[in-house]
Amino acid sequence: MLLNIVRRNSARGEAVAINGRDLLMTGALQVVKTLRLFQFQSIIGTTRPFGDYFRGFDKVEAVRRIFGDKTEQVLRDLKVEFIWAGGYMGVNSVNGHLMVSPKYLNKGDKTDIYLDVIHELVHVRQFMEGKDLFDSHYSYTERPTEIEAYRHAVEEARRLGLSDARICEYLKTEWMSGRELEQLASAVNVHCKQVQKHAKK
Ligand SMILES: [Zn+2]
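So this is what it looks like as structure tokens:
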């Protein structure tokens with residue numbers, strides 16, 4: 001197994017679900033709220049080396065495609081912050097740390113978590129390149145930085161043999177409308193048959 005997620009006493013503390021795979025919603029006001037949340041989390045969260053929780057990622061081809069020769073160094077320097085407010089995973093736009101919900105790490109689907117790490121590592125590189133990860137000129141499902149991150153995750157999902165239906169499940173989040181899912185799926189060339197079904201939710 002390529003992935004070894006090490007679980008420690010990270011399940012302490014209640015996690016409350018908040019909207020957004022990247023703790024992100026569209027619109028300038030919501031972005032400001034998100035940034036405030038990040039600052040708050042920086043204070044209360046504990047910061048640990050990425051390698052304390054995620055192992056073997058330096059050997060993953062999909063990760064090496066993101067960082068190339070710098071893979072070992074980037075992963076060695078990468079810090080993880082635990083976000084007690086809940087959510088899934090994200091990259092802190094202030095310091096580039098990977099932010100992870102302990103609840104998600106403990107209870108989430110392992111394949112989803114694995115693909116999310118690939119996705120977020122693309123954001124880590126984008127952060128290093130000075131890109132704006134929360135460019136409010138775009139909605140979440142149209143933002144070039146998101147499309148790029150999802151493309152890497154989808155490519156890896158395909159390599160793992162996941163069907164389009166399963167990848168579609170991965171792409172779908174509870175806060176995404178059917179239209180947005182359709183938009184994202186089409187941007188990353190995934191065929192989502194169930195878009196209509198999701199749209200009714
Ligand atoms: Zn993202």
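Mapping the sequence shown onto the working numbering, position 169 (from 1) lands on 169, and the numbers just tick up by one.
Glycine included, every Cβ here is placed at the ideal spot set by N, Cα and C.
All values reported here derive from a predicted model rather than from experimental measurement.
Of the listed residues the options, nearest to residue i (C-alpha basis)
i: GLY96; options: ARG151, GLU129 and LYS59; result: GLU129
i: SER177; options: SER93, TYR140 and VAL63; result: TYR140
i: PHE50; options: ALA149, LYS107, VAL188 and ILE118; result: ILE118
i: LEU121; options: THR46, LEU78 and ARG179; result: LEU78
i: ASP164; options: LYS107, ASN189, GLU180 and HIS152; result: ASN189
i: ARG76; options: PHE54, ALA62 and GLY87; result: PHE54
i: ASP52; options: MET89, GLU81, ASP109 and SER186; result: GLU81
i: ILE147; options: ASP69, GLU174, SER186 and LYS110; result: SER186
i: VAL169; options: ASP116, GLN73, ASP135 and ASP69; result: The sequence shown places Glu at residue 169, not Val. Of the listed residues, the one whose Cα sits closest to GLU169 is ASP116.
Contact set for residue i: own chain, Cβ-Cβ below 8 Å, skip 5 residues either direction
i: LYS131; result: THR145
i: VAL63; result: PHE57, THR71, LEU75, ILE118 and LEU121
i: LEU160; result: THR111
i: GLY13; result: Caution is warranted here: a pLDDT of 30 is assigned to GLY13, below 50, making its placement in the model unreliable, and the coordinate value is therefore given only provisionally. Cβ neighbours of GLY13 beyond the five flanking positions: TRP84 and PRO102.
Alpha-carbon to alpha-carbon, residue j and residue i
i: LYS193; j: MET99; result: 32 Å
i: VAL154; j: ILE167; result: 7 Å
i: TYR138; j: ASP58; result: 32 Å
i: ARG65; j: LEU162; result: 20 Å
i: ARG158; j: VAL94; result: 32 Å
i: PHE38; j: THR47; result: With a pLDDT of 48 at PHE38, under the threshold of 50, the modelled position of that residue is not reliable, and the figure given next carries that caveat. Distance between the alpha carbons of PHE38 and THR47: 13 Å.
i: GLN126; j: PHE67; result: 10 Å
i: ARG151; j: TRP84; result: 28 Å
i: LEU181; j: SER101; result: 23 Å
i: VAL60; j: ASP112; result: 16 Å
i: ARG143; j: ASP135; result: 7 Å
Host alpha helix (DSSP H) of residue i (start-end)
i: VAL74; result: 71-77
i: MET128; result: 110-128
i: VAL94; result: Premise fails: VAL94 is in no alpha helix (DSSP H) and is neither H nor E.
i: ILE66; result: 61-67
i: LYS107; result: 102-107
i: VAL188; result: No alpha helix (DSSP H) contains VAL188, which DSSP labels as neither H nor E.
i: ILE167; result: 164-171
i: GLY150; result: In the sequence as displayed, the identity of residue 150 is Tyr instead of Gly. TYR150 -> alpha helix (DSSP H) spans 144-159.
Beta strand (DSSP E) segment containing residue i, residue limits
i: THR46; result: Taken as a continuous stretch (DSSP letters only), THR46 belongs to no beta strand (DSSP E), as it is neither H nor E.
Cβ-based neighbour list, residue i, same chain, cut-off 6 Å, excluding 5 preceding and 5 following
i: LEU184; result: THR141 and LEU171
i: HIS123; result: VAL91, LEU133 and ALA149
i: TYR104; result: TYR88
i: HIS191; result: ASP164
Check: residue i C-beta below 7 Å from any heavy atom of ligand 3
i: GLU129; result: Ligand 3 is not part of the structure shown, which contains ligand 1 as its ligands.
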